[in-house]
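To start, the structure itself, in structure tokens.
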Amino acid sequence: MLARLVAVGGAAAVVVGFAAAPASADGMTVAAYNPSSALVGTQIDINGSGLSTVTSVAFPGGATAGPVSPPTATDVLVVVPAGAQSGAVTVGDGTNSAAGPSFTVLPALALAASKTSVTYPGTVTLTATLTSGGAGVANQPVTLQSHPTGSSTWSNGPSATTDANGQAKFTVKPVATTVYQAVYTATTTYGGATSSALTLTQHPQVTFALPANEPILTKVSVKGAVRPAQTGTVALEQHLKGAWHTVAHGKLTSAGHYAFTIKLPSKGTYTYRVRRAADAHQAGNVSPTMKVLGIDRTLKQGMSGADVKALQKRLVALHYDLGKVSGSFDFDTFHAVVAFEKIQRLTRDGVVGVKAWKALASPRVPHLKHPLKGVSAVEVDLTHQVVYYAVNAKIVRILDSSTGGGYYYTGSDGTTQRAVTPTGHFSVKYKVNGWVKSKLGVLYRPAYFNYDGYAIHGEPEVPSYPASHGCVRITVPAMDRMYSKLTTGMSVWIYRS
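For the sequence shown, the positions run 35 to 531 when the numbering used here is used.
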């Protein structure tokens, strides 16, 4: 007689064909199992004939078990023991025995995630654990499958081999909300298994750029992007009276970029964020919260207030030498503003009006002509009348300066000379820590970059235009901040940009 059984493990089906075992000498036979496949620890019913004397049941893999209750002539109830493997099950009574058809031992397969919600481009570790009777099954291949939400078609992903604990790990970076499952294909030792489905909710990354300060009643550009790139809309939200309110909608480009134009109605601080709503493919998300200060006055030396402090913080962030952020528009702030105006090609008056505020929001960024990695150096830009102090090829301080005025004067030797700052590559030769009086004037803490008397030095008067006899003037407070940094041997580059 030929029988046919179907063993189901998770989503996989194993069809087992067998011939009925011949009867033993006393007529003991095993014909089938109910169920024909099961997990370790599951009770099954062995069906056959002449089974009333059965005292032991042996599974492949060396695992044995006894009946859970007195057997009958046609049934033996037994629990699948730890260590059992797929194959023919043998029953016996110490004298006679009979082998049945193949029985399928099913493993358990579970899938867990290090987190179930992730913001792009974050990664998640998925751990598939294959066990039999609570013990890990090692050295077995497990495949990760996935499909995006809204679909039911599984796609095969990477495969990994289980370790000594029965675990296989996968690192994923979802670009949409995705459903995952782990699949173990049936072998001769164990039947197939599929884990429960697990959903990873993906949130897009929403970036947002907003100027720190803007004049009121003028157009302000709000820009950002959604990643991964997608189409659709985003909403600009403003925080008012303790709650967020939508104030504008913007359309995403094919590259995922967006832009808004707003106007600040009056002075004060405004708080915004951008929201990308959830859709069929992913969850929603919001950008970081950004603040902008609405400015309604022109700032100049002698003023003070929150807007002056905002100005100072912005100048420091842009690496302009300023000293202390105090909220008072002082001498140092004036020269930091002048240095900024020089580079932005604005009127060099030290006054912060609408044009200066706009430039502060989106400034020209200067670059070194002679970046030197691993060391500190100085560059003097004669065209813009500024000094750059650089560390490891990056500008860390920008100082207001005044160099050779180009006029003619009578030198200390009685000859007519022209007030020109030499160009080229120099180095700090020596320094004097104090006031130095010469026939051409007084120098504060000079750092000489050649032996002809040219130096970077402090000076009470630093006009916004070239005015020196050839030295590089910076303010006295600036020289106090720079003196220790101008080390002997330091490179000094002087050029016209």
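Cβ coordinates follow ideal geometry from the N, Cα and C atoms, glycine included. The structure displayed is predicted, hence computed values, not measured ones.
Cβ shell of residue i (< 7 Å), same chain only, five flanking positions each side left out
i	result
residue 243	257, 258
residue 494	510
residue 398	377, 378
residue 338	361, 362, 363
residue 61	83, 84
residue 120	94, 136, 137, 138, 139, 222, 223, 224, 225
residue 408	426
residue 302	328
residue 332	385, 386, 387
residue 366	356, 357, 511
residue 192	178, 204
Boundaries of the beta strand (DSSP E) in which residue i is found, first to last residue
i	result
residue 346	Where residue 346 is concerned, there is no enclosing beta strand (DSSP E), although the alpha helix (DSSP H) it sits in stretches over 340-351.
residue 291	291-297
residue 513	It is not in any beta strand (DSSP E) - residue 513 instead sits in the alpha helix (DSSP H) that spans 510-516.
residue 215	212-218
residue 196	Premise fails: residue 196 is in no beta strand (DSSP E) and is neither H nor E.
residue 248	247-249
residue 308	302-310
residue 391	From DSSP, residue 391 is part of no beta strand (DSSP E) but of the alpha helix (DSSP H) over 388-395.
residue 337	That residue, residue 337, is in no beta strand (DSSP E); it is neither H nor E in DSSP.
residue 188	It is not in any beta strand (DSSP E) - residue 188 carries neither H nor E in the DSSP assignment.
residue 93	90-93
residue 242	239-243
residue 255	253-261
residue 81	77-83
residue 67	63-68
residue 138	131-140
residue 434	428-434
Spatial neighbours of residue i in its chain, beta-carbon cut-off 6 Å, leaving aside the 5 residues before and after
i	result
residue 530	416, 417
residue 442	450, 452
residue 201	161, 163
residue 68	79
residue 433	355, 421, 508, 512
residue 217	177, 179, 228
residue 474	503
residue 131	124
residue 58	In this prediction, residue 58 scores a pLDDT of 49, lower than 50, which makes its location untrustworthy; the coordinate-derived value is nonetheless stated afterwards. Here the set comprises 130, 132.
residue 56	For residue 56, the predicted structure reports a pLDDT of 45, less than 50, and the residue's modelled location is therefore unreliable. A value from the coordinates is still provided. Nothing meets the Cβ criterion.
residue 126	90
residue 284	268, 292, 294
residue 341	329
Residue interval of the alpha helix (DSSP H) (run including residue i)
i	result
residue 473	It is not in any alpha helix (DSSP H) - residue 473 carries neither H nor E in the DSSP assignment.
residue 371	365-378
Presumed contact (8 Å Cβ cut-off) between residue i and residue j, rounded CB distance
i	j	result
residue 316	residue 150	That belief does not hold up - the Cβ atoms of residue 316 and residue 150 are roughly 14 Å apart, past 8 Å.
residue 81	residue 65	5 Å
residue 388	residue 249	5 Å
residue 112	residue 101	6 Å
residue 262	residue 209	5 Å
residue 402	residue 429	6 Å
residue 372	residue 357	Not quite, the Cβ-Cβ distance comes to about 14 Å (not below 8 Å), so this is no contact.
residue 374	residue 335	The pair is not a contact, with the Cβ atoms about 14 Å apart (cut-off 8 Å).
residue 424	residue 405	7 Å
Distance CB(residue i)-CB(residue j) smaller than 7 Å
i	j	result
residue 135	residue 171	no
residue 498	residue 382	yes
residue 446	residue 502	no
residue 254	residue 296	yes
residue 203	residue 159	yes
residue 110	residue 88	yes
residue 74	residue 116	yes
residue 107	residue 86	yes
residue 482	residue 492	no
residue 154	residue 245	no
residue 506	residue 490	yes
residue 265	residue 286	yes
residue 194	residue 215	no
residue 480	residue 439	no
residue 144	residue 118	no
residue 352	residue 370	no
Nonlocal neighbours in the same chain, by C-beta distance under 8 Å from residue i, ignoring five residues either side
i	result
residue 320	240, 271, 307, 308, 309, 310
residue 300	250, 328, 330
residue 485	463
residue 183	210, 211, 212, 213, 233, 314, 315
residue 521	410, 462
residue 219	46, 175, 177, 226
Residue i: CB within 6 Å of a non-hydrogen atom of the ligand GDP
i	result
residue 407	With respect to small molecules bound, the structure shown includes none, and the ligand GDP cannot be examined in it.
Q) Is the number of C-beta pairs between the region 455-465 and the region 519-528 that are closer than 8 Å three or more? A) Taking 8 Å as the limit for Cβ pairs, the verdict is that the region 519-528 does touch the region 455-465.
Q) Any contact of the region 400-417 with the region 463-475, i.e. 3+ C-beta pairs under 8 Å? A) The count of Cβ pairs closer than 8 Å, one atom from the region 400-417 and one from the region 463-475, stays below three, leaving the stretches out of contact.
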